[in-house]
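Input: a single structure, listed below in structure tokens.
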Amino acid sequence: MKKILAIIKPFKVDDVKDALTSININGMTISEVKGFGRQKGHKEIYRGAEYQTDFVPKVEIKIAVKDDQVDEVVQTIINAAKTGKIGDGKIFIVPIEDVIRIRTSERGVDAL
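Using my numbering, the final residue of the sequence shown is 1136, and nothing's skipped along the way.
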């Protein structure tokens, strides 16, 4: 099993969710986060004054999947989230040692 962490632009959340649902990925956790990568934030203008925003708003999507689903899920996220502009985001793939469904005590793949 793997955990896929995707950090994407906020306006792409619905596109990614719909794309993942279309490939039968029905469980995910979404968090609003802030950060920066190579773009190092951006400049904004408020009431005529320009100021630097160091942290850019992003959305983090967490999905637990079976090993054989990883490539399809990653490609689906890329296709749905990509704008071709700086700041499209990153995807991290992390191994999961075990999963336990609290309600039924199911473990492993059955708990997904």
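Glycine residues also receive a C-beta, built at the ideal position from the N, C-alpha and C atoms.
Boundaries of the alpha helix (DSSP H) in which residue i is found, first to last residue
{"i": "T1045", "result": "V1037 to S1046"}
{"i": "I1102", "result": "V1094 to A1105"}
Helix, strand or coil at residue i according to DSSP, with G and I counted as helix
{"i": "E1130", "result": "coil"}
Supposed contact pair residue j and residue i - C-beta distance, whole angstroms, cut 8 Å
{"i": "G1113", "j": "K1090", "result": "No, G1113 and K1090 are not in contact; Cβ-Cβ is about 23 Å, not under 8 Å."}
{"i": "V1040", "j": "I1115", "result": "11 Å between Cβ atoms; not a contact."}
{"i": "F1079", "j": "G1059", "result": "6 Å"}
{"i": "R1062", "j": "I1110", "result": "7 Å"}
{"i": "K1033", "j": "T1107", "result": "7 Å"}
Residue range of the unbroken beta strand (DSSP E) whose run includes residue i
{"i": "E1056", "result": "T1053 to G1059"}
{"i": "I1031", "result": "K1026 to I1032"}
{"i": "K1086", "result": "V1080 to V1089"}
{"i": "I1110", "result": "Premise fails: I1110 is in no beta strand (DSSP E) and is neither H nor E."}
Same chain only: Cβ atoms within 6 Å of residue i, ignoring 5 sequence neighbours per side
{"i": "R1125", "result": "A1135"}
{"i": "V1118", "result": "K1027"}
{"i": "S1055", "result": "E1084"}
Contact set for residue i: own chain, Cβ-Cβ below 7 Å, skip 5 residues either direction
{"i": "K1086", "result": "K1027, L1029, M1052 and T1053"}
Contact under 7 Å by Cβ, residue i with residue j
{"i": "A1043", "j": "A1088", "result": "no"}
Neighbourhood of residue i by C-beta, 8 Å cutoff - its chain only, sequence neighbours within 5 removed
{"i": "I1047", "result": "E1096, V1097 and T1100"}
{"i": "D1092", "result": "none"}
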